[in-house]
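Read through the structure below, which is laid out as structure tokens, and then see the notes.
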Amino acid sequence: MNFFEYTAKNYDRLLELSLDHLVIVLVGLLIGGVVGIALGITVYQRPHLRNAALNVCGVILTVPSLAMYALLLTLLGTIGAVPVIVALVLYSLLPIVRNTVTGLNGVDAAIVESAKGVGMGRWRRLLSIEFPLAWPVVLVGVRVSAVLLVGVAALGTIIGGPGLGELIFAGLRVITSPNAVNLALLGTLGVVAIGMLLDGAFLLLSRLTTSKGVR
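The opening residue of the sequence shown carries number 4 in our numbering; numbering runs sequentially from there.
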């Protein structure tokens, strides 16, 4: 059976696993986005805290995915979606925190001073002026994290996580089977397709949510 015939025969299973994969990535990205943006806002004007936060997030990102999953499995004492989501949140932080800090620090100081001059408080300035101007840069960080998490989520299958990694590892387990390559290739191409889909979706979101004057 060639690859295209195998794909057609297993289309329903492919669709189910693709949706599972997409959902767990989006859940991890949503939580990581909220935490990362909040952390970036908290530290961007505090150099020591900023450096510490970026260093910690950077160290987390250097931990190999398999080691991270093994560590979380030990710490949480459970398998399935929960440790996978925790890992996705941790891996998403560096691009989001870094770009939030970069975007907010890149806002023209003259604009901030003008806002202060008309009596705007810190949070009002942040929400109505600084963050909207920093948004394109922040969204780039979210976009980078989204693509990163698609690959990380595929490895979550080793601790019972949902997604297309199931097809990849199933193919590797039956490497001598006639359909082993089809299984692994189907999962791999599915992961690539989801990564491209999310990348395009966030690029479109950036265009829709960024005013022409800020682009």
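By construction, the Cβ of each residue, glycine as well, lies at the ideal position given by its N, Cα and C atoms.
Under a three-way DSSP split, which group does residue i fall into?
{"i": "N181", "result": "Contrary to the premise, residue 181 reads as Pro rather than Asn in this sequence. Coil at P181, not helix or strand."}
{"i": "M71", "result": "helix"}
{"i": "M199", "result": "helix"}
{"i": "R49", "result": "coil"}
{"i": "V62", "result": "helix"}
{"i": "G36", "result": "helix"}
{"i": "P139", "result": "helix"}
{"i": "S1", "result": "An answer regarding residue 1 cannot be provided, because it is not within the stretch 4 to 218 covered by the chain."}
{"i": "I82", "result": "coil"}
{"i": "S214", "result": "coil"}
{"i": "G164", "result": "coil"}
{"i": "V110", "result": "coil"}
{"i": "N13", "result": "coil"}
{"i": "G122", "result": "coil"}
{"i": "N102", "result": "helix"}
{"i": "N54", "result": "helix"}
Which whole-angstrom value is the C-beta distance of residue i and residue j, which I expect to be below 8 Å?
{"i": "G174", "j": "G166", "result": "Actually they are not in contact, since the Cβ atoms of G174 and G166 sit about 14 Å apart, beyond 8 Å."}
{"i": "I114", "j": "V30", "result": "With a Cβ gap of about 35 Å, I114 and V30 do not count as contacting."}
{"i": "A56", "j": "M71", "result": "With 8 Å as the limit, A56 and M71 do not qualify as a contact, their Cβ atoms being about 19 Å apart."}
{"i": "I197", "j": "P86", "result": "With a Cβ gap of about 20 Å, I197 and P86 do not count as contacting."}
{"i": "L136", "j": "V110", "result": "5 Å"}
{"i": "L129", "j": "I44", "result": "7 Å"}
{"i": "L32", "j": "L152", "result": "6 Å"}
Taking residue i as the reference, which of the options has the closest Cα?
{"i": "I63", "options": "A55, V38, T45, L97", "result": "L97"}
{"i": "V46", "options": "L189, L107, E169", "result": "L107"}
{"i": "Y94", "options": "V115, A112, L69, I82", "result": "L69"}
{"i": "V140", "options": "N13, S209, P50, V177", "result": "S209"}
{"i": "G168", "options": "F7, V66, G203, L20", "result": "L20"}
{"i": "G154", "options": "R49, I171, L142", "result": "I171"}
{"i": "L200", "options": "Y14, H24, G124, R49", "result": "H24"}
{"i": "A84", "options": "V28, L57, P181, L189", "result": "V28"}
{"i": "L211", "options": "A118, A55, W138, V147", "result": "W138"}
{"i": "A149", "options": "L136, N185, V92, V59", "result": "V92"}
{"i": "N13", "options": "I197, A196, L186, L206", "result": "L186"}
{"i": "P67", "options": "E133, A156, A112, I40", "result": "A156"}
{"i": "L17", "options": "A204, L42, T191", "result": "T191"}
{"i": "V38", "options": "R49, G203, C60, N54", "result": "C60"}
Less than 7 Å between C-beta atoms, sequence neighbours within five positions excluded: which residues of the same chain meet that for residue i?
{"i": "G144", "result": "P98, I99, R101, N102, T103"}
{"i": "S214", "result": "none"}
Less than 7 Å between CB atoms is the rule here; does residue i satisfy it with respect to chain D?
{"i": "I162", "result": "Structure shown: chain D not included; a single protein chain is present."}
Among the residues of its own chain, which have a CB less than 8 Å from the CB of residue i, if the five just before and after it don't count?
{"i": "L188", "result": "F6, G174"}
{"i": "G36", "result": "S95, I99, V145, S148"}
{"i": "V177", "result": "A183, L186"}
{"i": "L1", "result": "Shown here, the chain extends from 4 to 218; a query on residue 1 therefore has no answer."}
Excluding the 5 residues flanking residue i on each side, which residues of the same chain have their C-beta closer than 6 Å to its C-beta?
{"i": "I132", "result": "A118"}
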